[in-house]
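Peer 1: Numbering (the numbering used here), first residue to last: 6 to 131.
This is the structure:
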């Protein structure tokens with residue numbers, strides 16, 4: 006007489022593992038993509054903070070000393086001394102006799118490739 010044995014057959018185990026693998030692949034992919042987005046957001050926040058710091062530095066300068074950096078538009082962007090992996094370009098347009106428009110563009114690399122952020126400010130004579 007055959008006794009009934011409790012447990013799983015090899016086929017049931019294989020089917021269970023396949024179902025689990027199919028369910029986990031999208032979840033792992035989601036985790037990888039979300040970690041890349043998180044790192045990218047952090048890099049963007051650093052770039053924005055550096056751009057804001059450069060604008061604050063410009064605000065402290067006399068109007069006559071506010072000019073393009075680098076001065077030659079064909080030169081590569083300058084590196085931030087405190088964070089050399091980020092580079093910047095300062096573009097200054099004269100909006101009037103006593104007013105200049107300053108655009109700070111910060112260039113950086115993240116997991117998605119080359120990126121840039123820009124902030125604009127007005128600098129007036131005082």
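Here a beta-carbon is modelled for each residue, glycine too, at the ideal position from N, C-alpha and C.
What's the C-alpha gap between residue 76 and residue 27?
Peer 2: Translated into the one-based positions of the chain shown, residue 76 becomes position 71. Translated into the one-based positions of the chain shown, residue 27 becomes position 22. Going from the Cα of residue 76 to the Cα of residue 27 covers about 57 Å.
Peer 1: As an exercise, report each continuous beta strand (DSSP E) stretch of at least 3 residues that is fully enclosed by the segment 34-72, in chain order.
Peer 2: If we require 3 residues or more, the segment 34-72 turns out to have no beta strand (DSSP E) run fully inside it.
Peer 1: By Cβ distance, which residues of its chain are closer than 7 Å to residue 73, with the 5 residues on each side in sequence left out?
Peer 2: Reading the chain shown from its first residue, position 68 is the one you call residue 73. Here the set comprises 95, 96, 97.
Peer 1: Buried or exposed for residue 13, going by 16 or more other Cβ atoms inside 10 Å?
Peer 2: Locating residue 13 in the chain shown gives position 8, where the first residue counts as 1. Burial call: exposed.
Peer 1: Could you check what DSSP says for residue 31 in three-state terms: helix, strand or coil?
Peer 2: On the chain shown, position 26 is the one that residue 31 refers to. In this structure, residue 31 counts as helix in the three-state DSSP scheme.
Peer 1: For residue 12, does the three-state DSSP call read helix, strand or coil?
Peer 2: Residue mapping note: residue 12 aligns to position 7 of the chain shown, counting from 1. Residue 12: coil per DSSP, three-state reduction.
Peer 1: Just curious, the beta strand (DSSP E) that residue 3 is in, first and last residue?
Peer 2: Examination of residue 3 is not possible in this model, given that the chain is present from 6 through 131 alone.
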